[in-house]
Amino acid sequence: MPQTKKFIIDFDSTFTQVEALDILGEISLEKDPERESKLQAIKDITDLGMEGSLTFRDSLIQRLEILNASKPQIEDLIDALKQKVSKSFERNKEFLQDNAEDIYIISNGFKDFIIPIVGDYGIKKENVFANEFVYDENGNIIDFNRENPLSSNNGKAETIKRINLEGDIYVIGDGYTDYEIKASGLANKFYAFTENVSRPRVTSQADHIAPSLDEILYINKLNTKFSYPKSRIKVLLLENVHPIGVDLLKEEGYEVEVISSAMSEEELCEKIKNVSIIGIRSKTNITKKVLENANRLIAIGAFCIGTNQIDLETCQEKGIAVFNAPFSNTRSVVEMAIAEIIFLMRNFADKSVAMHQGKWDKSASGSFEIRGKKLGIVGYGNIGAQLSVLAENMGMNVFYYDVIERLALGNATKLDSLDELLSTCDMISLHVDGRKENKNLIDQAKITKMKKGAILVNLSRGHVVEIAALKDAILSGHLAGCAVDVFPEEPKNNSEPFVSELIGLPNTILTPHIGGSTLEAQENIARFVPGKIMEYINTGNTYNSVNFPNIQLPFLQDAHRLIHIHLNEPGVLAKINQVLANYEINIVGQYLKTNEKIGYVITDIDKAYSPDAIDALKTIPGTIRFRTLY
Numbered sequence: 001m002p003q004t005k006k007f008i009i010d011f012d013s014t015f016t017q018v019e020a021l022d023i024l025g026e027i028s029l030e031k032d033p034e035r036e037s038k039l040q041a042i043k044d045i046t047d048l049g050m051e052g053s054l055t056f057r058d059s060l061i062q063r064l065e066i067l068n069a070s071k072p073q074i075e076d077l078i079d080a081l082k083q084k085v086s087k088s089f090e091r092n093k094e095f096l097q098d099n100a101e102d103i104y105i106i107s108n109g110f111k112d113f114i115i116p117i118v119g120d121y122g123i124k125k126e127n128v129f130a131n132e133f134v135y136d137e138n139g140n141i142i143d144f145n146r147e148n149p150l151s152s153n154n155g156k157a158e159t160i161k162r163i164n165l166e167g168d169i170y171v172i173g174d175g176y177t178d179y180e181i182k183a184s185g186l187a188n189k190f191y192a193f194t195e196n197v198s199r200p201r202v203t204s205q206a207d208h209i210a211p212s213l214d215e216i217l218y219i220n221k222l223n224t225k226f227s228y229p230k231s232r233i234k235v236l237l238l239e240n241v242h243p244i245g246v247d248l249l250k251e252e253g254y255e256v257e258v259i260s261s262a263m264s265e266e267e268l269c270e271k272i273k274n275v276s277i278i279g280i281r282s283k284t285n286i287t288k289k290v291l292e293n294a295n296r297l298i299a300i301g302a303f304c305i306g307t308n309q310i311d312l313e314t315c316q317e318k319g320i321a322v323f324n325a326p327f328s329n330t331r332s333v334v335e336m337a338i339a340e341i342i343f344l345m346r347n348f349a350d351k352s353v354a355m356h357q358g359k360w361d362k363s364a365s366g367s368f369e370i371r372g373k374k375l376g377i378v379g380y381g382n383i384g385a386q387l388s389v390l391a392e393n394m395g396m397n398v399f400y401y402d403v404i405e406r407l408a409l410g411n412a413t414k415l416d417s418l419d420e421l422l423s424t425c426d427m428i429s430l431h432v433d434g435r436k437e438n439k440n441l442i443d444q445a446k447i448t449k450m451k452k453g454a455i456l457v458n459l460s461r462g463h464v465v466e467i468a469a470l471k472d473a474i475l476s477g478h479l480a481g482c483a484v485d486v487f488p489e490e491p492k493n494n495s496e497p498f499v500s501e502l503i504g505l506p507n508t509i510l511t512p513h514i515g516g517s518t519l520e521a522q523e524n525i526a527r528f529v530p531g532k533i534m535e536y537i538n539t540g541n542t543y544n545s546v547n548f549p550n551i552q553l554p555f556l557q558d559a560h561r562l563i564h565i566h567l568n569e570p571g572v573l574a575k576i577n578q579v580l581a582n583y584e585i586n587i588v589g590q591y592l593k594t595n596e597k598i599g600y601v602i603t604d605i606d607k608a609y610s611p612d613a614i615d616a617l618k619t620i621p622g623t624i625r626f627r628t629l630y
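If you read the sequence shown in the UniProt record's numbering, its first letter stands for residue 1, the second for the next number, and so on.
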């Protein structure tokens with residue numbers, strides 16, 4: 001960092017995510033019967049002061065009077081604040097340590113708790129300017145040092161005058177008192193820091209609105225850890241992605257937009273133009289046309305198991321990595337399958353409807369135990385295999401069929417053909433993927449091969465079963481019942497009507513695509529998919545990507561990492577290495593994997609790279625995408 005640049009950073013809601021006195025109130029008022037109302041009063045007073053609607057000194061006097069705090073509670077406050085440092089400051093700890101000489105904390109908070117927090121980030125005690133508590137002989141806070149200019153209005157500007165800083169001064173803060181430094185003519189720029197809180201009166205006065213420290217370092221060409229600020233990575237999340245996923249991506253520093261429903265192709269073509277990451281579930285289709293409009297798209301997260309709604313081939317051609325959650329909702333789907341098999345074998349659904357209509361039918365006719373029955377599983381992947389284990393533990397005899405050779409678990413029996421499975425088993429549960437070849441896998445001819453009185457459960461994909469044929473089989477009595485969770489055509493959101501030929505059929509359970517819709521499954525998915533995407537962006541790792549060659553590497557230390565995605569054709573790696581040799585760049589490590597269409601190379605180098613070298617790597621014939629990590 002050039003010595004002529006000085007950064008002045010606020011503490012509350014900037015260096016930390018919170019207002020320290022609010023947290024102190026939670027500690028000091030823990031046993032106060034009026035705790036909630038007093039805490040709200042402290043927050044209201046803080047906001048009025050930060051917006052400039054209340055003089056700072058008045059706000060400080062009022063808050064300390066309510067707090068009634070003591071010195072031992074300051075130690076508890078410090079412990080709490082250490083867990084609340086802003087994420088972008090944590091990410092850039094190395095930058096703060098390396099440039100501690102030119103970083104100042106000027107805050108209307110108190111040195112008592114500020115110095116222990118910022119000291120962990122290398123910031124010098126003598127560079128911290130803040131208020132000071134006054135204690136009585138018992139350690140109770142009774143006042144503050146009223147001679148300190150930071151206890152008065154415009155105190156930050158007065159403090160800067162006194163310390164007489166030289167060079168360009170950049171102020172980073174969330175409050176009106178931070179803007180006052182620039183307004184007083186004492187700073188070159190004021191950055192309104194909005195990672196934790198955004199105050200309209202403050203942002204309207206800012207030279208630049210900064211959603212993170214990454215953004216500030218980037219625009220000042222000081223971002224040495226990441227080649228691109230995370231605040232400029234725009235994320236679009238559709239279809240009610242679980243809030244945990246939203247929070248994880250926001251905490252990483254990305255700009256996140258959330259839309260509750262799916263979007264049509266035309267809507268998405270417009271919306272996706274400046275999006276870097278998109279997260280979807282099963283109803284949104286990422287088509288070739290959509291991808292042609294995705295100018296900045298780096299990665300797609302499918303917050304579900306399937307990816308047939310994504311044009312994976314075009315994603316490969318454009319160098320867009322796709323990640324899904326192949327295991328996260330397995331248990332939820334399996335439990336639903338077991339439950340529906342039992343319900344259908346006992347005719348519970350129809351009996352429940354009859355009871356609601358005042359009909360009492362205690363007959364055991366058509367009602368069976370599942371123990372000893374033959375369960376046929378079509379598709380023996382993650383879900384089918386786990387269903388096999390649980391079903392066997394409940395006393396069922398399990399048979400399965402899969403086009404891929406799969407190892408049988410427990411006492412399950414592999415059958416050689418789908419026809420054999422259908423004609424053998426009392427109940428059939430479908431767990432195949434969404435590939436086009438599986439359309440109408442269970443059609444009229446296949447249903448005819450099923451045992452009379454069998455039941456069918458489809459928790460896989462809507463196009464796998466011929467709906468008209470299934471309806472005829474239920475009405476004719478050839479099948480005793482069915483459970484369907486997925487349909488060829490599904491509403492895009494909860495306000496659209498559901499239409500199906502299966503509505504109203506006897507012993508038929510219809511559910512709105514909720515096989516994986518449990519809180520546990522959605523939380524697992526919401527943690528897994530963002531984790532893989534962030535790992536890909538931060539390290540280049542593609543492990544668990546469904547369309548990229550899989551590479552898994554640790555986060556790199558003290559070097560630079562270059563990512564090159566190219567067509568899988570001879571000679572590309574040699575050309576990459578020739579470029580590096582031409583620019584006298586030494587390779588620390590290099591990792592290459594390919595699939596049938598693309599090659600993926602990660603190259604670690606031990607010296608800074610010139611823009612000319614990067615341009616040369618980007619123009620190698622066959623290059624799909626190139627990016628630098630740090």
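For every residue, glycine included, the Cβ atom is placed at its ideal position computed from N, Cα and C.
Same chain, Cβ closer than 6 Å to residue i, neighbours up to 5 away in sequence not counted
i           : result
LEU213      : SER88, PHE89, ASN92
GLY301      : GLY279, PHE323, VAL529, ILE533
MET450      : LEU422
residue 640 : Outside the shown range of the chain (1 to 630) lies residue 640, about which nothing can therefore be said.
ALA249      : A quick correction: the sequence has Leu, not Ala, at residue 249. Excluding positions up to five away in sequence, the list reads VAL235, VAL256, PRO530.
LEU562      : THR603, THR628
GLU569      : GLY622
GLY477      : none
Residue i - partner residues in DSSP beta bridges
i      : result
TYR600 : ILE565, LYS593
ALA20  : Partner(s): none; ALA20 has no beta bridge.
LEU430 : VAL378, ASN458
VAL171 : ILE8, PHE190
TYR135 : ILE141
Residue i versus residue j - alpha carbon distance
i      : j      : result
ASN308 : ASP350 : 34 Å
LYS221 : GLY531 : 28 Å
LEU629 : ASP612 : 17 Å
GLY410 : ASP402 : 17 Å
PRO2   : LYS607 : With a pLDDT of only 44 at PRO2, under the threshold of 50, the placement of this residue in the model should not be trusted, and no figure is reported.
LEU237 : LYS111 : 41 Å
GLU251 : TYR400 : 44 Å
ILE503 : PHE487 : 12 Å
GLY306 : ALA299 : 16 Å
PHE548 : HIS431 : 24 Å
GLN17  : ALA339 : 45 Å
ALA581 : ILE537 : 26 Å
GLY173 : ASN188 : 14 Å
LEU375 : ALA321 : 38 Å
Residue burial classification, residue i (beta-carbon count within 10 angstroms, cutoff 16)
i      : result
ARG296 : exposed
LYS373 : buried
ASP615 : exposed
GLY366 : exposed
GLY571 : exposed
GLU180 : buried
THR542 : buried
Residue from the options with nearest C-alpha to residue i
i      : options                        : result
ASP22  : ILE8, GLU520, LYS5, SER59      : SER59
ILE525 : VAL241, LYS156, CYS269         : VAL241
ASN140 : GLY119, ILE474, TYR380, GLU65  : GLU65
GLY622 : ILE169, LYS575, GLN357         : LYS575
PHE11  : GLY119, GLY477, ILE209, ILE551 : GLY119
ILE103 : GLN40, GLU265, LYS5            : LYS5
GLU239 : GLU313, GLY253, MET263         : MET263
PHE348 : SER363, THR287, VAL258         : SER363
GLU313 : LYS288, GLU335, ILE298, ALA294 : LYS288
HIS566 : LEU519, LYS43, ARG199, LEU617  : LEU617
GLU496 : SER261, PRO506, SER276         : SER261
GLU523 : SER332, ALA408, LYS271         : SER332
ASP178 : GLU166, THR203, ASN164         : THR203
LEU24  : GLY453, GLU34, SER545, ASP79   : ASP79
SER517 : MET345, LEU459, PHE498         : LEU459
Contact set for residue i: own chain, Cβ-Cβ below 7 Å, skip 5 residues either direction
i      : result
ASN382 : PRO326, PHE327, THR330
GLU490 : LYS283, GLY462, HIS513
ASP143 : VAL134
GLY434 : GLY306, ASN308, ARG461
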